[in-house]
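Note that the protein sequences, when read in sequence, are chains F and P.
Using the working numbering, the first residue of the first sequence is number 1, and each one after it goes up by one.
Using the working numbering, the first residue of the second sequence is number 1001, and each one after it goes up by one.
Cβ atoms here follow ideal geometry from the backbone N, Cα and C, with glycine treated the same way.
Notes follow the structure.
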Amino acid sequence: MSPADAHVIDLGDIRAADAPRVGPKMARLGQLAAGGWRVPDGYAVTARALDGWLPAGRRSELERLLAEPAPDPAAAARRSERARALVEAQPLPAWLADAVGAAHDRLRARTGLGASLRVAVRSSAVTEDGARASFAGQFGTYLGIGEPADVLHHIRKCWASGYTAGAVAYRRRNGLPPHAHDLAVGVMQLVDARSAGVTFTLDPVTGDRGRMVVEANWGFGESVVSGQVTPDHWVVERASGRILERRAGAKDAWSVFDPEAGRVVLRPLPAGLARTPCLSDDEVRYLCRKAAELEAAEGVPQDVEWAIARGAPFPGGVFIVQHRPETTWPAAEPAEPAAKAEPAAKAEPAAPAFDPVRYALRNVFKVPGR
Amino acid sequence: MRLGVPSTEHPRIVPVDDYVRDELYPGYKQAFGSQPFVAGPVRPFGKADNSRYWLRDSLHFSEGMVPASIALLDDAQTWGAQLGAEIVGVPPTRGSVNRLAGTHVYIGTIDVDTEWQVQARAARFAEYVTPILADFDRYWGMRAAELQSAYDHFDALDLTAMDPGQLWATVKDAYAFHRRAWFIHFEVMYVLTANYLAFYGLAEEIGLEGSLVSAFLSGRQTFYSKTDEELWRLAARARELQVTGPLLHEPPASVRTKIEALPGGRTWWHEFGEFLRTYGQRTEETCRIDTPPWIEDPSPALYAIGSFLTRPAGFDFHAARQQAIAERDAQIDAARRSLSGSDLERFDQALASNQAANFAWWNEEHNYLIDRRAAIPVRRASLELGARLTDEGRLSQPEDIFFLFKPELYAVMEDAAGWPELAAMIPDRRAYFEEWRHRGPELPTMLGTIPDTVPDPIMIEVFGLSGHFLRTLKGTGQAAELRGFPAAKGVAEGVARVITSVTEISRVQPGEILVCGGTTTEWTPVFGIIKACVCDTGGSLTHAAIVSREYGIPCVVGTATATQAIKTGDRVRVDGRQGTVQVFASEG
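As structure tokens, this is what we get:
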């Protein structure tokens, strides 16, 4: 195997054990695909490729830039800007560019979409989803990329996003090297989403394991994940699959692909759609069942990001885009599958919906992981 | 939570340099290491303090601290807060620290800045707080009983009959009790703050105004609302017994003689004495050993009764409370109508939890057991000791003992050798206190580096250190309209009276709009005669906010600069719903 092959890996070859190379996000997707789950196809560029990629001069320049803590936030922002520009401007070495090009050609062939294939280029920190080291959301994600040259450019942008002032400060606080040694990049087919969102296998606010929560919007899931809209919201009873609550969101915007910009962008949502729930009850229940299956396989509560492909017959169009352990409630025990639940369990009083101590720790004092 | 918005503003530094000293008072260097501080004892400012923010606490200590008060401050806002935060395990803060500018108190906080400590504290916080909130009445009942039994003990002592050994032991007991009382204070405060802030956070999350939360928790009778009710009753009794003349027109010192000369006077004074026995165990400020309790000097109570007599109709407490409760319930109903499903369920549970463990209520109620009373046994025993030392010729008057630091007193009581040197310093120290007492009103609200935001939610809600407050402090221009926290609704226009110390409170005329740094329990009676209240500091939980709602007058707190921007005599318009104060041209 050539070094290039070792650094650019097709999703079909990725397993859970590859997490240290491609990040837990991509490793879980690879494992899911191997287990027969419907996930978007793609490939990953390893964190080691980044580590070995920058020329020595650039590396030492970067290290000098980040050697000392910045004296103030403005200086930190300026340094971070310089570091990002430096990384973004550095072309990938030919061996890596070629390997990415080849992987992209293979993906075009596997999906049958050829040149019309659009992908998501996502940072995948090798520590990102760890319970403690999570600064998820700080790294770049770019949706709707088409051309291979554009893919290469956005891989550099993902790596550059490892030098935001927040990420640099985080690594310093935690005694990690100042350079972004920990970023892999995932390139995945962009599912042309009619609706998309997240399923939580417990109530994310109260930690109640008896309730699952679905949040979704029309279009790509970006508008939900980034918190730019108040999504539609469902609460489903785990044991019965009964929908306990449904709340229409203030969906004034959605994420759509803009062919002119060649990107996924946030646009005002047509008035007709804004008031219409973006999922049917059957879809909500199906999404909860699949999330519960995933949770059973993983052994801990999960939050599961999914997308429903436009025009695909239900449930064939439901893709799992990513999932990760729900770390807000670390003490939660794995739930028994509903079928095995003892009837006596129902007689127990329901956990209170509001626990002031937990709420204060999480939302007032903002203790990470609480 | 109103934790402020990220800002690119440059920090503004108000240098502490003018206040940097080696000594707390001339001739007194602190001996460190004798007390188990978590984060450091009371100190003078040092140059390094420029890197942090320091808020002037004129709310609790408006006139400055004599040397003996500094041990009490150490027990309270320094040691008590640090121990409370440590034992309860508050994740973001290790409690407060104090610095003195001259004799005036500034408060700062110490953030917990490592991730491990935050996590470790969060774990023990959950273990500590959960059972207390689950059964708060029993828990507070236990603490209140402990405090009350100590007061029963100290109040029953006949100090004048004690031999010197017994008296000195009593001084030490009183100090030990004072420290214990302040641990209880901060233990309970941190527990209740979490409950309150959780409700506040939930309210904002589900689309309600966070500022409504303290209104949802209002209307419960406190020891102080009972005190005010009694004062109004005594005013009515003075009318019945026809003894109003001296109360309206005599200086407090001669009121008693003049009243007792009237036919109904002895009866009234007897009833007043009965009142003081129950309600008079309160001083005007916290940790101020030099301030007498009402039972020793009833001037504040006599002033309150006198000002109430200017309102012939009296004040119908029952009607006011019924109205406050009806408004509170209407606000709760309106909030509940806007909610459904799990939001409503969570709201109801948060409300129930806060009604059972109610910070808005306790924040007033506890003062009669702690803030305004805990130092009284120390004061009494110290004055008796001071009187004996005066008789022995060591001091020239009993109050001189207030100008000795506690460690100095302890040392000299163990070994009588040092008296002449100590006594010689007292005149200078008196002069130093007086000099700084006069400088108090000119001291900056904040020293050191004024931050863009303060991460400690407790400082935001109790002291009002919101992003707006901090931005206003950084600004230099004075706007015609001040903005603050909308603390009690209603609109009022009138003439401003700017007051910087509770001792000046008798200048407030009925119908004026009170403008001050902040209010405490001692200010409560004045709310019966003012039209509106405006404060420099304060958030949703401050005294002025709570009491204004009870009295049904508009109130805006946390304006940062009201006492500087407004002059006595200015015409102002207070909008308690918008949180704005408009300043018009001076009337005279």
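- About 5 Å separates the Cβ atoms of residue 1568/P and residue 1497/P, confirming a contact at the 8 Å cut-off.
- Considered as a whole, the stretch 1115-1152 of chain P harbours 1115-1134 as its complete alpha helix (DSSP H) runs of no fewer than 4 residues, in chain order.
- Residue 1104/P sits in a strand when the DSSP states are folded into three classes.
- Secondary structure at residue 233/F: strand, using DSSP grouped into helix, strand and coil.
- In the three-state reduction of the DSSP assignment, residue 1091/P falls in the coil class, being assigned neither a helical nor a strand state.
- In the three-state reduction of the DSSP assignment, residue 1061/P falls in the coil class, being assigned neither a helical nor a strand state.
- Of all residues in the stretch 1188-1206 of chain P, those with a C-beta nearer than 8 Å to a C-beta of chain F are 1194, 1195, 1197, 1198, 1199, 1200, 1201, 1202 and 1205, reading in chain order.
- Taking 3 residues as the shortest admissible run, the stretch 47-127 of chain F contains the following complete beta strand (DSSP E) segments, listed from N- to C-terminal end: 119-125.
- Comparing alpha carbon positions, the residue from 1321/P, 1204/P and 1563/P closest to residue 364/F is 1204/P.
- Residue 1397/P sits in coil when the DSSP states are folded into three classes, being neither helix nor strand.
- Minimum Cα-Cα distance from residue 1316/P among the listed residues 1053/P, 1551/P, 1354/P and 1057/P corresponds to 1551/P.
- Cα atoms of residue 1100/P and residue 1086/P: separation of roughly 23 Å, rounded to the nearest angstrom.
- With fewer than 16 other Cβ atoms from the protein chains shown falling within 10 Å of its own Cβ, residue 1392/P counts as exposed.
- Residues of chain F with a Cβ closer than 8 Å to the Cβ of residue 1119/P are, in chain order, 367, 368 and 369.
- Within a 10 Å sphere around the beta-carbon of residue 1291/P sit 16 or more other beta-carbons, which makes this residue buried.
- Rounded to the nearest whole angstrom, the C-alpha separation of residue 234/F and residue 144/F is 28 Å.
- Using a Cβ-Cβ cut-off of 9 Å, residue 1214/P is close to nothing in chain F; its nearest Cβ partner there is about 15 Å away.
- Short of 8 Å from the beta carbon of residue 1401/P, and not among the five residues preceding or following it, lie these beta carbons of its own chain, in chain order: 1068, 1382, 1383, 1385, 1386, 1389, 1395 and 1409.
- Ranking 369/F, 318/F and 355/F by CA distance to the CA of residue 39/F puts 318/F first.
- The shortest CA-to-CA distance from residue 1241/P to any of 1559/P, 1264/P and 1122/P is the one to 1264/P.
- In chain order, 1342, 1345, 1346 and 1349 make up the part of chain P whose C-beta sits under 7 Å from the C-beta of residue 353/F.
- At a Cβ-Cβ threshold of 8 Å, residue 1089/P and residue 1061/P do not count as neighbours.
- In this structure, DSSP gives residue 1162/P a state outside helix and strand, which the three-state scheme calls coil.
- Going by beta carbons, residue 1111/P and residue 1455/P fall inside the 8 Å limit.
- Listed in chain order, the alpha helix (DSSP H) elements of length 4 or more contained wholly in the stretch 273-311 of chain F are 281-298.
- In the structure shown, residue 1379/P falls within a helical segment according to DSSP collapsed to helix, strand and coil.
- Ranked by how close their Cα comes to the Cα of residue 1368/P, the residues 1351/P, 1121/P and 1182/P have 1182/P in first place.
- Residues are counted here when their Cβ sits less than 7 Å from a Cβ of chain F; for the stretch 1453-1467 of chain P these are 1457, given in chain order.
- Linking residue 239/F to residue 210/F through their CA atoms gives a straight-line distance of about 7 Å.
- The C-alpha of residue 1513/P lies about 8 Å from the C-alpha of residue 1492/P.
- Under the criterion of beta carbons closer than 8 Å, residue 21/F and residue 184/F qualify as touching, at roughly 7 Å.
- Nearest CB-CB separation between residue 1092/P and chain F: below the 8 Å threshold.
- Residue 1077/P and residue 1013/P have their C-alpha atoms roughly 24 Å apart.
- Look at residue 92/F: its C-beta is not under 8 Å from any C-beta on chain P.
- Taking 7 Å as the Cβ-Cβ cut-off, the stretch 1121-1133 of chain P approaches chain F at 1122, 1125, 1126, 1129, 1130 and 1133, given in chain order.
- Only those residues of the stretch 239-260 of chain F whose C-beta falls short of 9 Å from the nearest C-beta of chain P are listed: 244, 245, 246 and 247.
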